[in-house]
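Reading through the structure tokens given below for one structure.
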Amino acid sequence: MATKIFMEALSPTMEEGRLVKWNVPEGAAVKSGDVLAEVETDKAVMELVARGDGVLRKQLVAEGTTAPVGSLVGVIAAADEDIAALVSGAGSATPAAAVPTAAAAAAAPVTPPAPAAAAPVAPPAPAAPVSTGPTRSSPLARRLARESGLDVGTIAGSGPSGRVIKRDIEAAIAGGGVTGVSRPPSAVAGADFTDQPLTQIRKTIAKRLAESIGPIPTFYLTAEYDMTRAVEMRAQAAGLGDEFKVSVNDIVLKAVATALAAHPEVNAHWLGDKIRYFSRVHLGMAVATDDGLIVPVIFDADQKGLREISSESRALAAKARERKLTPEQYTGSTFSVSNLGMMQIDQFTAIINPPECGILAIGAIEDTPVVVDGAIAVRKRMRVTMSCDHRVIDGAVGARFLLDLRRMLENPLMLVF
Amino acid sequence: MATKKKTAAKGAPGTVRTAGDPALDREMLHSMLLQRRFEEKTGEAYALGKIGGFCHLYIGQEAVSTGIIGQLRADDYVIGTYRDHGQALARGITPRAVMAELFGRIDGCSRGKGGSMHLFDRNVNFLGGHGIVGSHVPLAAGVGFAIKYRGGDQVCVCFMGDSVVNIGAFHEALNMAALWKLPVLFVIENNRYGMGTAVERAAAVDDLSKRADGYTGMDGIVVDGMDVHAVRDAAGKAIERARTESRPSLLEVRTYRFRGHSMSDAVSGTYRSKDELDEYQAYDPVFSLRDAMVLASTMTVAEWEAMERDVAAIVQDAWDFADASPEPPPGALFEDVLVDTTS
Amino acid sequence: MPIITYREALNQALREEMSRDDRVYLMGEEVGVYNGAYKVSKGLLEEFGENRVVDSPIAELGFAGIGVGSAMAGLRPVIEFMTWNFALLAIDQVVNSAAKMLYMSGGQYNVPIVFRGPNGAALQLGAQHSQAFESWLAHIPGIKVCSPGTPYDAKGLLKSAIRDDNPVVFLEGEMLYNTKGEVPEGEYLIPLGKADLKREGSDCTIVTSGKMVLVAMQVADQLAKEGIHLDVLDLLTIRPMDVEAIYASVRKTQRAVVLEEGWEICGIGAQVVDFIQRECFDHLDAPVLRVHQADVPMPYAKGLEKIAKPDAAKTIAAVKQVMYRA
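So, in structure tokens, the structure goes:
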């Protein structure tokens, strides 16, 4: 009995995957559960495992090639089994992708519906839930929103009773810059440029960030904190032994998590028809990789001590750079932090990762002359900028959160309690 | 209103009828006996749940079908009502095909899609049993129209019950059949009751054949329906008129059904008495002919017994065949709704 | 190309088919000597004789049945009802005889017959003479139902209907008989069961047939001036319905209005809407709307009759509503 190998949906949002490497050559024996190949999803490099025993008879997709979820990429079968029929079906619609037509098996007088078009296999990403509330929308608008990655609930309807209709989606797409991104003029000839095809992760980043900047009414709050004590505390702790070594960034993460626990009004998701305030703090930390940005999550960060946050953040960052994160490790954050201090960036604004409502951009710590108790002193200063979704966070609300954060970072002993 | 009792037969109960040509008599007796025993078997199958729906038995009326259809050529047409088993057998649809149809099986003469009321067989120009009272009378006129249109010399015989003479379609069809001189024999099988309503309680005419008087050129004839010879003779003349002169006739055949209107109707008790039933059964068309033949020494008792055994075997074979025949496959559901041809 | 009336187009179809096949005959009230109540059969008696152009008594049930019986015996009758209102007297023969014969005979007796005549309202004919029966007839499996709106379609469809080996109900329009249109010389056929996209647009689909095709075209002209471009889909045959054509159009325009001459409840439009919601749900930007006759018997008074009928203004309003332009 032959087993078809399909491109599997290895992340919640994955629609296609690039087969990076076959781990098993054609003709080799495989057992169910063996890793057949590495597949780059929109988020990470994942393992494609065998779903049956036999011989990997055929690799239908070459390394480096992209294949849609549900398409046939290989065949496992007995060594002498005839697989010609299976192989000839490669690239066509597959059972995995087809939507079963319920009426096909129903009583005869039911007019069978026309075969349904293949629907996306991946369920909606948890990071962008489709609103289930009472928002009125036409079926067409819902489909267009789904195809454009928009949450129909975030769009104001212009139809009767506020029904979201096609033109509203089109307006949202146009306004959000999902389409029509202008390209810089490219050089005509010569070797002074290289064309880099979009990786899955780059595509996803582009799509999601564009969504973010479009429909989200964002404002920014910047504050400059005195990090002298935090830096001192870090140095003192390090002197106690290796097990007390943490980074300043770890202290920042701990402080943000603690402040968030006290400020659920910024620890929230915008869900179109409602705002979800979280009592738990799942802190996203942006990590730069060779391919781009990914935001692994420190779950229940407010409940964790500095040491735990430190080791966890280090492990997540390493995995992110190796692109070995699992989907569970990069979804579900309630608020995010992005730190470009190590890149000598003084101050920047970060883009909200929807449906989160806020992200904190951390700049570099600089020795800066400031007035302390009426005299000029050199202090270690750090600028933070919070991007706020104004639908959820008002200016004063964000400011209060930043004020609390200031108290903690400027008096880091508070984090110990 | 006093009910006018009209006896079907001319003679008194127990009248010995005349035997005729021995070979013909034997053929007619076999035809009638087959209908009788077949219908008895049908009643049994119905009781056992082998047959469903509406089912109308022909017992008592066999002389009508045998006497009339025996006068037809192979290329003539027969059309009838929902009480159609007898005519179907007399016309030559095989007992197997009729019983399989009653059982709702694929080998039925209508492939299991018609049932008791809708027996059809194109091979013998049997144009169906029809379930709407009166509805098929214009169809018969239409067949006559087609025959005349083509200049043919076939005849169409249309069987109907006594209640049909009161419905509009009957008049419209007879009017046009007379007007256009169509070769159709309209046969009223007057079994005295339209379901449970006696003829005299439904028709404002005391002699149903008089309906023909309304249509110039149409003969109205009455005949004793318990005497197969009389039926055959009257039908022969009317069919000849239709064939050679293209003239329609209205033949009222006075008969009687020995069973209820349908399987759900008691044989007697409500609208007719046991005494009345007994009286008519004395004129039983099958046994009258048998007795006449035995008295005339054109058939021995042993030959009769052999005929009974032969018919019993045919009927049992029909049952066995029907019982073994498969039900139509689900795929047959959407077949025969439309044909996909043009001409 | 010659421009002729709908009436002449039907007359040509009858003449051509009667010449082509001598099994074809025409029967009905006043079809012969009178040349047809609406002159559709003008000249046919003279040309084909009284055997093939048969004046019947006023007996719809009887002559409809004669038609069915003759078809079972090998002829190809065209039965003319002076109007479909009168055909109610013959509905038993259409529904119980013609439509059922093939099925209940297990495929042995097909009935090649055409029942034709004017359907729907004319002007001030009152309640009993102003009814559109499409949905009654299209409800019945075993028959086909045609409803052409133009001379070209009328001729091509009637010829196909006469050649079809099934019973075909052919719905004409008293108000259509005098309308004119281009009809090519020479033989052509329009297949049963295929819709015709009479106008191509991108904004909204009007699904319609028969007399209402003319209304739809008028609506399309008018709305084009306002920048609204309609697909006008003429079903031509109501049963079997060309659902693929409906799906293709609605998936393109994403909005639909169904325009029919008959009443609302259980009307043709109800069926069309069902097909659309089943197969085009995710393509719809607005609920499908229907335009139809008011749910009353047709009044005699001119003003009342006008507001009872479906018309261009009601259709335009419906289109604008589904366009959210109301």
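Protein chains in written order, with our numbering: chain C, 487 to 903; chain G, 58 to 400; chain A, 6 to 331. C-beta: ideal position from N, C-alpha, C; glycine also. Bear in mind the structure is a predicted one, so any value in this text is a computation, not a measurement.
For residue i, write down the residues that DSSP places opposite it in a beta bridge.
{"i": "Met32 of chain A", "result": "A:Val59, A:Ile84"}
{"i": "Tyr134 of chain G", "result": "G:Cys213"}
{"i": "Tyr706 of chain C", "result": "C:Ser873"}
{"i": "Lys866 of chain C", "result": "C:Asp853"}
{"i": "Val150 of chain A", "result": "A:Val174, A:Arg244"}
{"i": "Phe903 of chain C", "result": "According to DSSP, Phe903 of chain C bridges with nothing at all."}
{"i": "Cys209 of chain A", "result": "A:Leu235"}
{"i": "Ala553 of chain C", "result": "C:Gly503"}
Would DSSP call residue i helix, strand or coil?
{"i": "Ala593 of chain C", "result": "Caution is warranted here: a pLDDT of 40 is assigned to Ala593 of chain C, below 50, making its placement in the model unreliable, and the coordinate value is therefore given only provisionally. Coil at Ala593 of chain C, not helix or strand."}
{"i": "Lys507 of chain C", "result": "strand"}
{"i": "Ala120 of chain G", "result": "helix"}
{"i": "Asp568 of chain C", "result": "coil"}
{"i": "Ala255 of chain G", "result": "strand"}
{"i": "Glu494 of chain C", "result": "coil"}
{"i": "Tyr337 of chain G", "result": "helix"}
{"i": "Gln545 of chain C", "result": "strand"}
{"i": "Val262 of chain G", "result": "coil"}
{"i": "Lys105 of chain A", "result": "coil"}
{"i": "Arg121 of chain A", "result": "strand"}
{"i": "Ala861 of chain C", "result": "strand"}
{"i": "Met771 of chain C", "result": "strand"}
{"i": "Ser574 of chain C", "result": "helix"}
{"i": "His113 of chain G", "result": "coil"}
{"i": "Trp756 of chain C", "result": "strand"}
{"i": "Glu794 of chain C", "result": "helix"}
{"i": "Val244 of chain G", "result": "strand"}
{"i": "Gly388 of chain G", "result": "helix"}
{"i": "Met364 of chain G", "result": "helix"}
{"i": "Gly70 of chain A", "result": "helix"}
{"i": "Phe138 of chain A", "result": "coil"}
{"i": "Val194 of chain G", "result": "helix"}
Between residue i and residue j, how many whole angstroms is the CB-CB distance? I'm expecting something under 8 Å.
{"i": "Pro782 of chain C", "j": "Gln815 of chain C", "result": "5 Å"}
{"i": "Thr820 of chain C", "j": "Thr871 of chain C", "result": "19 Å between Cβ atoms; not a contact."}
{"i": "Gln3 of chain A", "j": "His288 of chain A", "result": "What is shown of chain A runs 6 to 331, which leaves residue 3 of chain A out entirely."}
{"i": "Gly154 of chain A", "j": "Leu219 of chain A", "result": "6 Å"}
{"i": "Ile848 of chain C", "j": "Asn825 of chain C", "result": "4 Å"}
{"i": "Phe175 of chain A", "j": "Val116 of chain A", "result": "Wrong, their Cβ atoms sit about 14 Å apart, outside the cutoff."}
{"i": "Leu235 of chain A", "j": "Val324 of chain A", "result": "7 Å"}
Cβ atoms of residue j and residue i: under 7 Å apart, would you say?
{"i": "Val244 of chain G", "j": "Leu308 of chain G", "result": "yes"}
{"i": "Gly37 of chain A", "j": "Glu266 of chain A", "result": "no"}
{"i": "Ile278 of chain G", "j": "Ala287 of chain G", "result": "no"}
{"i": "Leu176 of chain G", "j": "Gly186 of chain G", "result": "yes"}
{"i": "Val767 of chain C", "j": "Leu746 of chain C", "result": "yes"}
{"i": "Gly111 of chain A", "j": "Val394 of chain G", "result": "no"}
{"i": "Gly251 of chain G", "j": "Asp281 of chain G", "result": "no"}
{"i": "Asp201 of chain A", "j": "Leu626 of chain C", "result": "no"}
{"i": "Leu80 of chain A", "j": "Arg25 of chain A", "result": "no"}
{"i": "Leu239 of chain G", "j": "Gly201 of chain G", "result": "yes"}
{"i": "Arg622 of chain C", "j": "Arg649 of chain C", "result": "yes"}
{"i": "Ile687 of chain C", "j": "Gly778 of chain C", "result": "yes"}
{"i": "Cys843 of chain C", "j": "Ile784 of chain C", "result": "no"}
{"i": "Arg289 of chain G", "j": "Gly124 of chain G", "result": "yes"}
Do three or more CB pairs link the region 258-269 of chain G to the region 74-90 of chain G at distances below 8 Å?
no
Contact between the region 319-331 of chain G and the region 286-300 of chain G is defined here as three or more beta-carbon pairs at a separation below 8 Å; is this criterion met?
no
Specify whether the region 637-645 of chain C and the region 755-770 of chain C touch according to this definition: at least 3 beta carbon pairs, one from each stretch, less than 8 Å apart.
yes
How about the region 489-503 of chain C and the region 514-528 of chain C: do they share at least three Cβ pairs that are nearer than 8 Å?
yes
Counting Cβ pairs, one atom from each stretch, are 3 or more of them under 8 Å apart for the region 54-62 of chain A and the region 6-14 of chain A?
no
Does the region 214-230 of chain G come within contact of the region 130-139 of chain G, defined as at least 3 CB pairs closer than 8 Å?
yes
At least three beta-carbon pairs within less than 8 Å, the region 823-833 of chain C to the region 787-800 of chain C
no
Examine the Cβ distances between the region 86-101 of chain A and the region 132-149 of chain A and report whether three or more of them are shorter than 8 Å.
yes
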